[in-house]
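Notes follow once the structure below has been shown.
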Amino acid sequence: MIPTLFIFAYLGVVLYIGIFAFRRRSASTEGAEEYFLAGRSLGQYVFLLSLFGTNMTAFAILGSSGHAFNNGIVTYGLMASSSALIIPLSLFLIGTRVWALGKKYGFITPVQMFRDRWECSHIGTVIAIVQAAFLVPYIIIGVMGGGTAFNAISGGRVPYWAGGAIVALVVMGYVFFGGMRGTAWVNTLQTLLFLSFGAIALVVIGTGMGGFRESAEAMLQTPASAALLTRERISPLFFFSYTFIPLSSIAFPHITIFCLTARRVSQFKRTVVLYPICMLVLWLPCVFLGVMANRATDVPEIRQKMEARSLLAVEGSKLAPEERDKLRSTMAGDDVLLLLLDRFAPAWLAGLLGAGIMAAVMASDSQILALSTMFTEDVFAFYGGKRRFGEAAQVHTGRVFIIVITLAAYAIALRSPQSIFDLAVQYAFSGYSALAPLLVAALFWKGSTKWGALAATVWTAGAVVAVAIFQHIVVAPAGPPKVIWAVGGAEVLARTSGGTAVFGLMPVVPMTIVSSLLIVVVSWLTKRPGETTIGRYFKAAS
Amino acid sequence: MKGRVLAAAIVLLYVLHQDFWYWRDARPLVFGFLPIGLFYHAVFTLVLSLTMWVLVRYAWPSQFSDELGEEGSWAERPTTAGSVSKAAVNPSAEVRPSDDQQGDSER
Numbered sequence: 041m042i043p044t045l046f047i048f049a050y051l052g053v054v055l056y057i058g059i060f061a062f063r064r065r066s067a068s069t070e071g072a073e074e075y076f077l078a079g080r081s082l083g084q085y086v087f088l089l090s091l092f093g094t095n096m097t098a099f100a101i102l103g104s105s106g107h108a109f110n111n112g113i114v115t116y117g118l119m120a121s122s123s124a125l126i127i128p129l130s131l132f133l134i135g136t137r138v139w140a141l142g143k144k145y146g147f148i149t150p151v152q153m154f155r156d157r158w159e160c161s162h163i164g165t166v167i168a169i170v171q172a173a174f175l176v177p178y179i180i181i182g183v184m185g186g187g188t189a190f191n192a193i194s195g196g197r198v199p200y201w202a203g204g205a206i207v208a209l210v211v212m213g214y215v216f217f218g219g220m221r222g223t224a225w226v227n228t229l230q231t232l233l234f235l236s237f238g239a240i241a242l243v244v245i246g247t248g249m250g251g252f253r254e255s256a257e258a259m260l261q262t263p264a265s266a267a268l269l270t271r272e273r274i275s276p277l278f279f280f281s282y283t284f285i286p287l288s289s290i291a292f293p294h295i296t297i298f299c300l301t302a303r304r305v306s307q308f309k310r311t312v313v314l315y316p317i318c319m320l321v322l323w324l325p326c327v328f329l330g331v332m333a334n335r336a337t338d339v340p341e342i343r344q345k346m347e348a349r350s351l352l353a354v355e356g357s358k359l360a361p362e363e364r365d366k367l368r369s370t371m372a373g374d375d376v377l378l379l380l381l382d383r384f385a386p387a388w389l390a391g392l393l394g395a396g397i398m399a400a401v402m403a404s405d406s407q408i409l410a411l412s413t414m415f416t417e418d419v420f421a422f423y424g425g426k427r428r429f430g431e432a433a434q435v436h437t438g439r440v441f442i443i444v445i446t447l448a449a450y451a452i453a454l455r456s457p458q459s460i461f462d463l464a465v466q467y468a469f470s471g472y473s474a475l476a477p478l479l480v481a482a483l484f485w486k487g488s489t490k491w492g493a494l495a496a497t498v499w500t501a502g503a504v505v506a507v508a509i510f511q512h513i514v515v516a517p518a519g520p521p522k523v524i525w526a527v528g529g530a531e532v533l534a535r536t537s538g539g540t541a542v543f544g545l546m547p548v549v550p551m552t553i554v555s556s557l558l559i560v561v562v563s564w565l566t567k568r569p570g571e572t573t574i575g576r577y578f579k580a581a582s
Numbered sequence: 002m003k004g005r006v007l008a009a010a011i012v013l014l015y016v017l018h019q020d021f022w023y024w025r026d027a028r029p030l031v032f033g034f035l036p037i038g039l040f041y042h043a044v045f046t047l048v049l050s051l052t053m054w055v056l057v058r059y060a061w062p063s064q065f066s067d068e069l070g071e072e073g074s075w076a077e078r079p080t081t082a083g084s085v086s087k088a089a090v091n092p093s094a095e096v097r098p099s100d101d102q103q104g105d106s107e108r
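Top line first, the protein sequences correspond to chains A and B. The numbering of the first sequence is this note's numbering, which starts it at 41 and goes up by one. The numbering of the second sequence is this note's numbering, which starts it at 2 and goes up by one.
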C-alpha cells in the first residue's frame with residue numbers, strides 16, 4: 041500500500057510541475073516556439089538532465105534489467121557502452137549543427153530543415169509521416185511500462201490497464217499544459233530520481249541478498265547461471281550489429297527537436313562530456329541487479345521465470361508455437377527489479393525507488409510532444425493552418441493532438457502482448473537508425489538531394505514493414521536460428537528466437553547501409569538544390 | 002592533423018568496444034563480484050567521457066562561436082522564417098524576437 045501511495049504522490053508532483061510551467065509561461069507569450077521549444081531557452085543542467093531523461097525510456101531500467109536477467113552482463117556492452125559512445129558523438133557532430141541552423145532559420149522540427157535544405161515540400165511530408173509512424177511504438181512502450189511498473193509496485197492492487205491509464209493521463213496532463221518547458225522540467229526531476237535509484241537499489245538489494253560476492257561465486261558453480269556472467273549467450277556479430285542502434289537517438293524527432301531548446305551552443309559541451317557518466321550511473325546497477333536476480337529463487341515469480349526459461353531451452357523445439365510464446369511471456373524479466381525491491385527493500389524505500397522507476401517509465405512525454413510539434417508545424421502550419429487560423433490556433437491544435445495520440449497509444453498498449461524491449465528495438469530504433477543518414481547528408485554533404493532523401497525514407501519504411509511481416513509469418517524457433525534463405529552455404533536470411541538475422545547481423549545493419557547508399561547513388565543521379573541554398577548551409581554550419 | 006588524430010581515437014574506441022577477448026570469461030571477479038567483462042565496459046564508459054572532454058576541448062566547431070557570439074544570436078538572423086527559401090518552414094511565420102528580447106525566464 042505504501043509504495044502505491046508514493047507513486048501517487050510522485051505523479052501529483054510531476055503534474056504540478058507541468059501546470060506550474062503552464063502558469064509561468066502564460067505570463068509571457070503563447071507562441072509556438074515557446075510551447076514547443078521552451079523559447080529556445082533551456083539552461084545547461086536542465087538541458088543535460090532532460091536530454092538524458094528523454095533518451096531513457098521504460099527499457100532503461102525495466103528492460104535493461106529484464107534483458108540482463110535472461111541474457112547476462114552482455115546487456116551493458118550491447119546497449120549502454122555503445123550508446124555512451126555513439127550518442128554523445130552524434131550530439132557533438134549533428135546536434136550542435138542542428139541547433140545552429142534552427143537558431144538561424146527558425147526551424148522547430150527536423151522536417152522544416154529538410155524542406156529548406158533540399159528545397160522540397162511534399163517529400164518533407166513523407167519524411168514526417170515515416171518519422172511519426174516510427175515514433176508511435178516508442179510512445180506505446182511508455183504506456184506499457186507504466187502499466188507493468190504500477191502493477192508490480194502496487195503488488196497487483198493496481199491492474200495493468202489502470203496503471204497504464206493513470207500514467208498516460210498524467211503524462212498527457214503535464215505535456216498538454218506545460219509544453220516543452222513543463223516536459224523538460226519534469227524530465228530533469230525524473231532523471232535526478234532515476235540516477236539516484238541505481239546506487240540506492242544496489243546497496244539495498246545487495247545488503248538484502250547478503251552481499252554480491254557469494255551470489256556471484258554461486259552463479260559460477262552451475263553452467264547455466266555462469267553463462268550469465270559472460271557474454272556467450274550473444275554472438276559477437278550480433279553485438280557488433282547492435283552498435284548501429286544508438287544511431288537512432290539523434291534521428292528520433294524528439295531528440296532532434298530537443299537539440300533546438302538549448303539557449304547556447306556551449307550547453308552541448310557539458311552534455312557531451314557527462315552523457316557517458318550518466319549512462320554508467322544508471323545502467324551498471326540495473327544490468328548487474330538484473331543478472332543477480334537469478335539468485336533470488338525464493339521469490340516465486342522469479343523462480344517461475346527461470347523455470348520457463350529452462351523449459352524453453354530444453355523442450356522448446358517440441359512445443360507448439362503458442363506454448364513457446366507463453367513461456368517467453370512468462371520468462372520476460374521486465375519486472376525483476378521491482379520484484380527484488382519488493383523482496384529486499386522496506387515498504388517506504390520500495391515506494392521511493394518505485395517512484396524512480398516510474399520516472400524512467402514515463403519518458404514518453406517528449407515523444408508525445410514531438411508528434412504534436414511535427415503535426416502542427418510540418419502539416420498544420422505548412423499547409424496553411426497557421427496562416428488561416430493564427431498561431432494560437434496552432435498551439436491549441438497541438439494540445440488536442442496530444443490528447444488524441446495518448447489515447448490511441450493507450451488503446452494499442454492494452455492489446456499488445458510483445459515485450460517492451462522487442463517492440464522498441466525491432467521497429468522504432470531500427471527505423472530511426474536507417475533514417476540517421478538523412479541528417480548526415482543534409483548537414484555534411486553538399487551533393488545530397490531531396491530524391492536521395494526520399495529514396496532512403498521509402499526504403500526504411502519498406503524495410504521495417506518487411507521485417508515486421510516476415511517475423512509475423514515465420515514463427516520464432518525455440519533454439520538455433522531457422523535459415524530461410526541461404527546462398528552457397530552463407531545464411532542470408534534467418535528467423536531467430538528474438539527476431540531476424542541478415543547474414544548473421546541484425547536487420548538494422550543492412551537497413552542503415554542500404555539507406556546510406558541510396559542517398560548517395562540517387563543524389564548523384566538527381567539535381568542538387570540551388571547554390572544559394574547550399575551556400576547558406578555550408579557557410580553557416582559545416 | 003588534430004582532427005585526424007581525434008577521428009582515429011574514435012575509431013580505436015569503436016574497435017575496443019568489440020572486446021571479443023573477454024567473451025567467455027567471467028573471472029577474475031573484480032572487487033569479488035563484478036565479472037571482468039562488465040568491469041571492462043564500465044571502465045570503457047569512463048574513458049569515453051574523457052575522450053568526449055578532449056573532443057570538446059580541442060575540436061569544438063569554432064564557427065559557432067565565430068558566427069553566433071557568446072549569447073548564440075546570429076548577426077544575420079532573418080526576420081521571418083519565410084525569407085529562408087521558397088519551400089522552407091512556414092511561409093507565414095511571424096517575426097520572432099531574439100532570445101535577449103524574450104526575457105528568458107531561466108537566464
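Heads up, the beta-carbon is just placed ideally off N, CA and C, and yes, glycines get one too.
Straight-line measurement puts the Cα of A:GLY103 at about 5 Å from the Cα of A:ASP374.
Residue ranges of uninterrupted alpha helix (DSSP H) with 4 or more members, entirely inside the segment 94-120 of chain A and ordered along the chain, are 104-111. For A:LYS345, no CB of chain B lies under 8 Å from its own CB, so it is not counted at the interface with that chain. If you draw a 10 Å sphere on the C-beta of A:GLY196, you find fewer than 16 other C-beta atoms in it, and that means exposed. Just measuring C-alpha positions, the residue of A:LEU565, A:LEU82, A:GLY93 and A:VAL527 sitting nearest A:LEU300 is A:LEU82. Straight-line spacing of the CA atoms in A:GLN344 and A:GLN171 works out to 39 Å. The beta carbon of A:MET546 sits no closer than 8 Å to any beta carbon of chain B.
The closest CA to that of A:LYS490, considering only A:LYS567, A:THR231 and A:HIS512, is found on A:LYS567. Look at A:PHE298: its C-beta is not under 8 Å from any C-beta on chain B. Counting along the chain, the unbroken beta strand (DSSP E) around A:GLU531 starts and ends at 530-535.
Close to B:ALA43, with beta-carbon spacing below 7 Å, are these residues of chain A in chain order: LEU320 and LEU324. Between the alpha carbons of A:ALA516 and A:ARG364 lies a gap of roughly 9 Å. Using a 10 angstroms sphere on the CB of A:HIS294, the tally of other CB atoms reaches 16 or more, which defines it as buried. For A:GLU272, the chain B residues whose C-beta falls within less than 9 Å of its own C-beta are TRP24 and ARG25, listed in chain order.
Against chain A, the CB of B:TYR59 has no partner CB under 8 Å away; the residue lies outside that interface.
A:GLY570 has its alpha-carbon roughly 52 Å from the corresponding atom of A:THR188. The contact set of B:LEU13 on chain A, defined by CB atoms closer than 9 Å, is empty, because the minimum CB distance reaches about 11 Å.
Interface annotation, B:SER50: in contact with chain A, CB-CB separation under 8 Å. Unbroken alpha helix (DSSP H) stretches of 4 residues or longer found wholly inside the segment 371-416 of chain A: 376-384, 387-401 and 405-414, given in chain order. Taking 4 residues as the shortest admissible run, the segment 503-570 of chain A contains the following complete alpha helix (DSSP H) segments, listed from N- to C-terminal end: 548-565. Of all residues in the segment 103-129 of chain A, only ILE113, VAL114, TYR116, GLY117, ALA120, SER121, SER122, ALA124, LEU125, PRO128 and LEU129 come within less than 8 Å of chain B when Cβ atoms are compared, listed by chain position.
Proximity of chain A to B:LEU30 at the Cβ level (cut-off 7 Å) is accounted for by ALA256, in chain order. Its chain contains GLN84 and PHE87 as the residues whose beta carbon lies nearer than 6 Å to that of A:GLN307, once the 5 sequence neighbours on both sides are disregarded; these appear in chain order. Restricting attention to A:THR296, A:SER563, A:ILE574 and A:LEU89, the CA atom closest to the CA of A:ARG137 is found in A:THR296. Distance from A:VAL562 to A:GLY492 at the Cβ level is roughly 4 Å; contact confirmed, criterion being Cβ atoms closer than 8 Å. Inter-residue distance for A:ILE445 and A:ILE126 is about 30 Å (C-alpha atoms, whole angstroms). For A:ALA266, the nearest beta carbon of chain B is closer than 8 Å to its own beta carbon. A:ARG253 belongs to the set of residues whose beta carbon lies under 8 Å from a beta carbon in chain B.
Comparing alpha-carbon positions, the option among A:VAL151, A:SER121 and A:GLN261 lying closest to B:ALA27 turns out to be A:GLN261. From the beta-carbon of A:ILE317, the residues of chain B found nearer than 8 Å are THR46, LEU47 and SER50. Contact between the segment 218-228 of chain A and the segment 475-490 of chain A is absent, with fewer than three C-beta pairs closer than 8 Å.
The Cβ of A:LEU260 sits closer than 8 Å to at least one Cβ of chain B. Among the CB atoms of chain A, none fall inside 8 Å of the CB of B:MET2. Residue contact check for B:LEU7 against chain A: no CB pair falls below 8 Å. Rounded to whole angstroms, the Cβ separation of A:ARG273 and A:ALA267 is 6 Å, and the two are in contact under 8 Å. Ranked by how close their Cα comes to the Cα of A:ALA168, the residues A:VAL313, A:GLY487, A:PHE109 and A:SER412 have A:SER412 in first place.
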